[in-house]
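Below is one structure, written out as structure tokens; comments come after it.
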Amino acid sequence: MEVNVEGCMAQEHASLKRNQGAARNQLEKLMRNYISKYYKFSLQCEDVGCAYQTRKMPLLFSSGGPVCPACRNSNLQLEYSEAQLYTQLAYFQNIFDFSKAENNLSKEEKGSLQAGKEEKELYDRMKISTDKILSKSAYGIVNLSTLFEGLFQQDSSSF
Ligand SMILES: [Zn+2]
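Residue 1 is where the sequence shown starts when you use our numbering, and the numbers rise one by one after that.
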């Protein structure tokens, strides 16, 4: 059993090594898809029965947030929230963090770890891709400025 698992892992490493350019592209594409999903700012009714979807912010608000114009009974929420995006991107960053994974191993596991310098470099390069995308997107900052854009414009014109 153990031999099989190790054989599988060796095979996976070998194919990852051969296709590392393609693997990196695939990872970056996947992460960008999540980012654009977030930037659609699609709103969805909390009520699963209603499930109204829109990209337009309604004018009516309650204490719970924007009121759904379809059922007028529930609030709209972002279909894909900033927190969800962050969790997703951080997950990608995490799975390729070789040093972090290595630090979480017990002494015994570290002893039987067979990854060499080459494997470590491979993971590092994948992680660099995730770092790059995370820092480039800076979605938190962009989101806040777009969210308050209208308000600031109104404020300055009333002075
Ligand atoms: Zn609704």
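We treat Cβ as the ideally placed atom computed from N, Cα and C, and that holds for glycine.
- Taking the Cα of Ser63 as reference, the smallest distance to any Cα among Arg55, Glu28, Ala70 and Gln77 is reached at Gln77.
- Each of Leu85, Ser74, Asn19 and Gly65 was checked against the Cα of Ile133, and the nearest Cα belongs to Leu85.
- Of all residues, those with a beta-carbon under 7 Å from at least one heavy atom of ligand 1 are Cys45, Asp47, Cys50, Tyr52, Cys68, Ala70, Cys71, Asn73 and Ser74, reported in chain order.
- For Leu89, the enclosing alpha helix (DSSP H) covers residues Glu82 to Ile95.
- If you look at Gln20, you'll find it isn't in any beta strand (DSSP E); it sits in the alpha helix (DSSP H) that goes Gln20 to Tyr39.
- With fewer than 16 neighbouring CB atoms inside 10 Å of its own CB, Phe61 falls in the exposed class.
- Rounded to whole angstroms, the gap between the alpha carbons of Met57 and Glu121 is 46 Å.
- Counting of Cβ neighbours within 10 angstroms places Lys127 among the buried residues, the total reaching 16 or more.
- A direct Cα-to-Cα measurement between Ile95 and Lys40 gives close to 26 Å.
- A Cβ-Cβ separation of about 4 Å places Thr130 in contact with Gln93 under the 8 Å criterion.
- Under a 10 Å Cβ-count criterion, Tyr91 is classified as exposed, with fewer than 16 other Cβ atoms of the shown protein chains found around its own Cβ.
- Between Glu46 and Asn73, the CB-CB gap reaches or exceeds 7 Å.
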